[in-house]
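Report on one structure; see the data block that follows.
Numbering (my numbering), first residue to last: 24 to 332.
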């Protein structure tokens, strides 16, 4: 496939992601029809991740025509993904004739490894994040992650999967959960308190029904696993929560700026306006409990006010 076509597919994927984020499928049918006309290779599926974008619009839309068009595209791409399986099967048959005693073990090991490799290629993720088997298409897909050898890490990965899952489970959740946990573990290099707190905060924010946009951004690839692994509570918060925090902080600032006489006298601070040291200060927790307190300073000589964390 030419580079121009690949760029066009990527452009369409971004359009569909925006529709999902805005919960508006206007013109989605036209976009899907245009996509159907483009020749798409397995390499393009891997690079653009167009499959995820189409599947997300299919799950969200209430338009029957859009859903059917999306299903047809996905069905065609699944055939494309399964095509590389033909060669390994022929080689397996030859090997069975040469060594009948190893028929069962050879079939199981090669079949599993081929399926995992193809799934890994389709999602464009490292093989270390692969699941134990190729997921069956069931109403509630059972996700089984490959064990890390550390029970705490395995449980944390399962927790993150639950945070990412929606009503219609996406097998991609298992890969993303493993990637997020892997990034967190790489930062702390142990499973101590900081590691567990980081995992819990990711889970609670992803699972929050009032913060569905965060989960969608992770599932759609807008937020990479490495990004969600390091985001602060403020960065992950929903727009509603951010607005509440801003209002709370503004009110606290106003309240404490009025109480100048109640401040503690000090000469530790230098006024940026008059360079004097005759000041009073107050401290207040204006952000989350694990963040530093905000210090409000008032210069008694010139009336200048400032704050810092």
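Positions of the beta carbon are idealized from the N, C-alpha and C atoms, including for glycine.
task: Please name the residue, chosen from 251, 232 and 211, that lies closest to residue 199 on a Cα-to-Cα basis.
output: A check of alpha carbon separations from residue 199 across 251, 232 and 211 identifies 251 as the nearest.
message: Counting C-beta neighbours from all protein chains within 10 Å, is the total for residue 208 16 or more, i.e. buried, or is it exposed?
response: Classification of residue 208: buried, given that the 10 Å Cβ count is 16 or more.
- request: Using alpha carbons as the reference points, say which of 240, 321, 232 and 56 lies closest to residue 94.
  value: When each option's Cα is compared against that of residue 94, the closest is 56.
- prompt: Who does residue 318 pair with in a DSSP beta bridge?
  reply: Residue 318 pairs with 306 and 331.
- prompt: How would you write the range of the alpha helix (DSSP H) that residue 189 sits in, first residue to last?
  reply: No alpha helix (DSSP H) contains residue 189, which DSSP labels as neither H nor E.
task: Count the other C-beta atoms from every protein chain shown that fall within 10 angstroms of the C-beta of residue 325, then say buried if there are 16 or more, exposed otherwise.
output: Exposed.
- prompt: Can you name the residues that DSSP bridges to residue 71?
  reply: Answer by DSSP bridge pairing: none, since residue 71 is not bridged.
- request: Using a threshold of 8 Å, state whether the C-beta atoms of residue 36 and residue 71 are closer than that.
  value: Taking 8 Å as the cut-off, the Cβ atoms of residue 36 and residue 71 count as close.
- request: Taking the CB atoms as reference points, tell me whether residue 295 and residue 321 lie closer together than 8 Å.
  value: Contact: no.
field: Backbone CA spacing between residue 270 and residue 227 [nearest angstrom]
entry: Cα to Cα, residue 270 sits roughly 23 Å from residue 227.
task: Please report the residue range of the alpha helix (DSSP H) in which residue 230 lies.
output: Run containing residue 230: 216 to 230, per the alpha helix (DSSP H) assignment.
- prompt: From residue 299 to residue 184, what does the alpha carbon distance come to, in whole angstroms?
  reply: About 56 Å.
Start and end residues, beta strand (DSSP E) containing residue 288: For residue 288, the enclosing beta strand (DSSP E) starts and ends at 287 to 289.
Touching by the beta-carbon criterion (3+ pairs, under 8 Å), the region 80 to 97 and the region 38 to 53: Touching, per the Cβ criterion.
field: residue 195 - containing alpha helix (DSSP H), residue span
entry: First-last of the alpha helix (DSSP H) with residue 195: 195 to 211.
query: CB residue 229 to CB residue 195, shorter than 8 Å?
result: No, the Cβ-Cβ distance between residue 229 and residue 195 is not below 8 Å.
- prompt: Distance, Cα to Cα, residue 301 vs residue 267?
  reply: Going from the Cα of residue 301 to the Cα of residue 267 covers about 35 Å.
query: Which residues in the same chain as residue 352 place their Cβ atom closer than 7 Å to its Cβ, once the five residues preceding and following it in sequence are excluded?
result: Since the first and last residues shown for the chain are 24 and 332, residue 352 lies out of range.
Residue of 74, 50, 30 and 96 minimising C-alpha distance to residue 244: If we check each option's Cα against that of residue 244, 74 comes out closest.
query: Helix, strand or coil: which one does DSSP assign to residue 295?
result: Per DSSP, reduced to three states, the secondary structure at residue 295 is coil, with no helix or strand assignment.
message: Less than 8 Å between the C-beta atoms of residue 222 and residue 182, yes or no?
response: In this structure, residue 182 lies closer than 8 Å to residue 222 by Cβ.
- prompt: How about residue 323 and residue 303: are their beta carbons less than 8 Å apart?
  reply: Cβ atoms of residue 323 and residue 303: closer than 8 Å.
query: What number of angstroms, rounded off, separates the C-alpha of residue 224 from the C-alpha of residue 60?
result: Rounded to whole angstroms, residue 224 to residue 60 spans 43 Å at the Cα level.
Contact set for residue 28: own chain, Cβ-Cβ below 7 Å, skip 5 residues either direction: Counting only Cβ-Cβ distances below 7 Å, and skipping sequence neighbours, we find 61 and 62.
task: For the alpha helix (DSSP H) containing residue 333, list its first residue and its last residue.
output: As displayed, the chain neither begins before 24 nor continues past 332, which places residue 333 out of reach and without an answer.
query: By Cβ distance below 6 Å, which residues in the same chain neighbour residue 84 in space, the five residues on each side in sequence not counted?
result: Once the five neighbours on either side are set aside, the close Cβ partners of residue 84 are 48 and 90.
field: residue 328 versus residue 31 - alpha carbon distance
entry: Approximately 54 Å, taken between the alpha carbons.
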